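A.B. asks:
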Amino acid sequence: MAADTWTSSARRPVATGQVEVGEDNGFAALGLPHVLVERLARDGITAPFPIQEATIPDALAGRDVLGRGQTGSGKTLAFGLPTLTRLLASGTPRQARRPRALVLVPTRELAMQVSDALEPLVHVGGLRHKLVAGGLSYTTQISALQRGIDLLIATPGRLIDLIDRGAVDLGAVEVTILDEADHMAEMGFLPEVTTILDQIPAGGQRLLFSATLDNGVDSLVERYLTDPVTHSTDDATASVSTMRHFAFLLDPQHKKPVTAELANRPGRTIVFVRTKLGADRVATQLRESGVLAASLHGGLSQSVRNRVLGGFRDGTLPVLVATDVAARGIHVDDVSLVLQVDPPADHKDYLHRSGRTARAGEEGSVVTLVLPHQRKPMERLLGAAGVDIAATRVSPGSELVAAAGGRAPSGEPISDEALRHLLEGDKAHRRGPSGPRGGSHGGPRGAARGPRAGGQRSYAPRQGGPSRRWE
Numbered sequence: 437m438a439a440d441t442w443t444s445s446a447r448r449p450v451a452t453g454q455v456e457v458g459e460d461n462g463f464a465a466l467g468l469p470h471v472l473v474e475r476l477a478r479d480g481i482t483a484p485f486p487i488q489e490a491t492i493p494d495a496l497a498g499r500d501v502l503g504r505g506q507t508g509s510g511k512t513l514a515f516g517l518p519t520l521t522r523l524l525a526s527g528t529p530r531q532a533r534r535p536r537a538l539v540l541v542p543t544r545e546l547a548m549q550v551s552d553a554l555e556p557l558v559h560v561g562g563l564r565h566k567l568v569a570g571g572l573s574y575t576t577q578i579s580a581l582q583r584g585i586d587l588l589i590a591t592p593g594r595l596i597d598l599i600d601r602g603a604v605d606l607g608a609v610e611v612t613i614l615d616e617a618d619h620m621a622e623m624g625f626l627p628e629v630t631t632i633l634d635q636i637p638a639g640g641q642r643l644l645f646s647a648t649l650d651n652g653v654d655s656l657v658e659r660y661l662t663d664p665v666t667h668s669t670d671d672a673t674a675s676v677s678t679m680r681h682f683a684f685l686l687d688p689q690h691k692k693p694v695t696a697e698l699a700n701r702p703g704r705t706i707v708f709v710r711t712k713l714g715a716d717r718v719a720t721q722l723r724e725s726g727v728l729a730a731s732l733h734g735g736l737s738q739s740v741r742n743r744v745l746g747g748f749r750d751g752t753l754p755v756l757v758a759t760d761v762a763a764r765g766i767h768v769d770d771v772s773l774v775l776q777v778d779p780p781a782d783h784k785d786y787l788h789r790s791g792r793t794a795r796a797g798e799e800g801s802v803v804t805l806v807l808p809h810q811r812k813p814m815e816r817l818l819g820a821a822g823v824d825i826a827a828t829r830v831s832p833g834s835e836l837v838a839a840a841g842g843r844a845p846s847g848e849p850i851s852d853e854a855l856r857h858l859l860e861g862d863k864a865h866r867r868g869p870s871g872p873r874g875g876s877h878g879g880p881r882g883a884a885r886g887p888r889a890g891g892q893r894s895y896a897p898r899q900g901g902p903s904r905r906w907e
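Counting from 437, one number per residue, gives the positions in the sequence shown under the numbering used here.
1) Quick one, are the C-beta atoms of A477 and V501 less than 8 Å apart?
2) Using a Cβ-Cβ cutoff of less than 7 Å, which residues in the same chain neighbour V755 once the five nearest sequence positions on both sides are dropped?
3) Rounded to whole angstroms, what's the CA-CA distance from L817 to D597? Just pull it up for me.
4) Can you tell me whether DSSP reads G503 as helix, strand or coil?
5) Can you list the beta strand (DSSP E) stretches of 3 or more residues lying completely in the stretch 761 to 849, in chain order?
6) Would you check if the stretch 604 to 624 and the stretch 635 to 647 touch, i.e. whether three or more CB-CB distances between them fall below 8 Å?
7) Just how far apart, CA to CA, sit T793 and G652?
8) Apart from the five residues on each side of it in sequence, which residues of its chain come closer than 6 Å, Cβ to Cβ, to V806?
9) Would you mind stating whether G841 and R701 have Cβ atoms separated by less than 8 Å?
10) Just to confirm the assignment, what range does the beta strand (DSSP E) spanning R680 have?
11) Taking the C-alpha atoms as reference points, what is the distance between Q738 and G593?
12) Per DSSP, what kind of secondary structure is V394 in: helix, strand or coil?
13) Tell me, to the nearest whole angstrom, how far the beta carbon of G561 is from that of L524; I am working on the premise that it is less than 8 Å.
14) Out of S579, I613 and G516, state which residue places its alpha-carbon closest to the alpha-carbon of P556.
15) Tell me whether the stretch 533 to 542 and the stretch 609 to 618 touch, counting them as touching only if at least three CB pairs, one residue from each stretch, are closer than 8 Å.
16) Quick one: Cα of V657 to Cα of R522, how far?
17) Under three-state DSSP, which class holds L572?
18) Taking the beta strand (DSSP E) that H667 belongs to, which residues open and close that run?
19) Looking at the structure shown, is R536 part of a helix, part of a strand, or coil, going by DSSP?
20) The alpha helix (DSSP H) with Q488 in it runs from where to where?
21) Please report the straight-line C-alpha distance between G819 and I825, rounded to a whole angstrom.
22) Let me check understanding here. Comparing Cα to Cα, which of H690, S831, L858 and T630 lies closest to T752?
23) What are the partner residues of A590, as DSSP defines its beta bridges?
24) Does the beta-carbon of G639 have 16 or more other beta-carbons within 10 angstroms, so that it is buried, or is it exposed?
25) I need the DSSP call for V611, collapsed to helix, strand or coil.
Pasting the structure below:
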């Protein structure tokens, strides 16, 4: 199978019309409807992942399912295919404001990727779906709900808002899916999740997918799932064996140039930092050194986040600098390096970050930069994550950095105008002339008046109050 969430970044169509479903098609063998199997085959997706092969038969039988698997295990199709099968089979007419299936996810980015992944299957089945999440238009969401939809994909906060407005009624929901329940718990959404689940009629099917049962997820399972069948892929530490791990011990003054060398490697790279300001700072430093990078965090407008994530998905933006919360919605294949500029808080965060690489059977590397005072706690954390390595001292240009794919950047700064043109295409030119007063349009501004270090100018989204750089 080509991808986990079957998003546009990984979809590789092999035919524009209908294709013949072979006798060895793994999805057909699971008993899925031909219309869905054929649509998957059209994109060359014919063999299910282990989590799909394990959970789909039980979900098709109407059982409650607890699926435990790491990022990249194929959970979206594992819950999406049986849910759409049930919706197709029921023949129940659509009702205004009353969806028949609900997918709850922790972040906007993940909601969008689930929506993108299922959209071709929803469409080919003649069904309707809608994504509702914060930062997106209430008007379009309410209008779609009023017209009637079959499948609702939602973040907890926005769904609660729509319920309070009377825009949605969960009384007709037959199937409820909680995706990445552990992340929802970590982000403090359990009160909203329980409020939502309490409004869904008892007796419906519940599918819960989570990498762990920590932080109250086990209480959700006990309270809302009925005699669930449990399926697990690899355990929490198994995925570390599919990637190379490095812990680079370095002096503070070497952190910036080593980061630039590692980010300048070929392929997609996700750089993890602890804070929003840190993401802005590191992305700026990388562009000043000649590495094309942009940040992704909750302080950016949704339009900017969409453009940054879109550029990373389609490969035009090779380096993404993200906070942990923002990165939880990133499910993109072919990420060859996870670079941890700020070490993770604990071994579970290490595993979640690492899961962004070595997906779908591909190879990948995880590099953690360690300052001298971080060495001992970092080595304990690595041991807890099942990674048997010690921190090794490096400096800019060292052989170990090169072994991880690092190479010296050009040193030629990448301007904000170049970044804007890359992410917005012709829009940047239609808005007006380039230069310090290039105009604004729904978020990103033109470059500021004063030059910055390295000759760069700032590029900031409008967020009220003092402008903040988009970096």
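All residues carry an ideal CB built from backbone N, CA and C; glycine is no exception.
Keep in mind it's a predicted model, so treat the numbers as computed, not measured.
C.D. replies: So, to answer that:
1) No; because the gap between Cβ atoms is not below 8 Å, this pair is not in contact.
2) Spatial neighbours of V755 in its own chain (CB-CB distance under 7 Å, excluding positions within 5 residues in sequence) are listed in chain order as A699, T705, V707, L722, V727, L728 and A729.
3) When rounded, the distance between both Cα atoms is 39 Å.
4) Strand at G503.
5) Segments of the beta strand (DSSP E) lying fully in the stretch 761 to 849: 771 to 776 and 801 to 806.
6) Yes: the two stretches touch, three or more of their Cβ pairs being nearer than 8 Å.
7) Taking the CA atoms as reference points, T793 sits about 27 Å from G652.
8) The beta carbon of V806 sits closer than 6 Å to the beta carbons of A683, L685, M814 and A827 from its chain, once the five residues preceding and following it are set aside; these are given in chain order.
9) Cβ distance < 8 Å, so G841 and R701 count as in contact.
10) DSSP places R680 in the uninterrupted beta strand (DSSP E) bounded by R680 to L685.
11) Near 16 Å, if we compare the C-alpha coordinates of G593 and Q738.
12) Since the first residue of the chain shown is 437 and the last is 907, residue 394 is not available in this structure.
13) Right, their Cβ atoms sit about 5 Å apart.
14) Ranked by Cα distance from P556, the first of S579, I613 and G516 is G516.
15) The stretch 533 to 542 and the stretch 609 to 618 touch, with no fewer than 3 CB-CB distances between them shorter than 8 Å.
16) One Cα belongs to V657, the other to R522, and the distance between them is close to 22 Å.
17) L572 falls in the coil class under three-state DSSP.
18) First-last of the beta strand (DSSP E) with H667: V665 to S668.
19) For R536, the secondary structure class from DSSP, reduced to helix, strand or coil, is coil.
20) Unbroken alpha helix (DSSP H) run through Q488: P486 to L496.
21) It is roughly 8 Å from the alpha-carbon of G819 to the alpha-carbon of I825.
22) For T752, the closest alpha carbon among the candidates H690, S831, L858 and T630 is that of L858.
23) DSSP lists L540 and V568 as partners of A590.
24) Around the beta carbon of G639, a 10 Å sphere encloses fewer than 16 other beta carbons of the protein chains shown; the residue is thus reported as exposed.
25) In the structure shown, the three-state DSSP call for V611 is strand.
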